[in-house]
């Protein structure tokens, strides 16, 4: 499943556990190594369905994430800075 690492951390957090950063520990995550690339219509459809599951399951948390920088977009696939224009008087 796509996002299984994110899902695991969010489940642990909602169960009362903390996610910690340990600067002396190295963990290598090979993104999608077991899944392979989403390079066929079937895999692309599976990924889209998994995105919907994650959004449905965690939308209440995603949009209220206390650690997300408010200057980054939640909409774009790759986080992009959003430019705040001065108010028009």
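Residue numbers (UniProt numbering): 1 to 89. Idealized CB from N, CA, C, for every residue including glycine. Here the structure is a predicted model, which means the values were calculated and not measured.
Take residue i and list the residues in its own chain whose beta-carbon comes closer than 8 Å to its own, dropping the five residues that flank it on each side.
{"i": "residue 36", "result": "43"}
To which residues of the same chain is residue i closer than 6 Å at the C-beta, ignoring the five residues directly before and after it?
{"i": "residue 50", "result": "1, 2"}
Since residue i and residue j are thought to touch, with beta carbons under 8 Å apart, how far apart are those beta carbons, to the nearest angstrom?
{"i": "residue 67", "j": "residue 10", "result": "Going by Cβ atoms, the distance from residue 67 to residue 10 rounds to 12 Å, so no, they are not a contact pair."}
{"i": "residue 12", "j": "residue 4", "result": "Wrong, their Cβ atoms sit about 12 Å apart, outside the cutoff."}
{"i": "residue 7", "j": "residue 54", "result": "7 Å"}
Can you pull the DSSP bridge partners for residue i?
{"i": "residue 21", "result": "Answer is none; residue 21 lacks a bridge partner."}
Are residue i and residue j closer than 7 Å when you measure CB to CB?
{"i": "residue 47", "j": "residue 38", "result": "yes"}
Go through its chain and collect everything with a Cβ distance to residue i's Cβ below 7 Å, but skip five positions before and after it.
{"i": "residue 58", "result": "10"}
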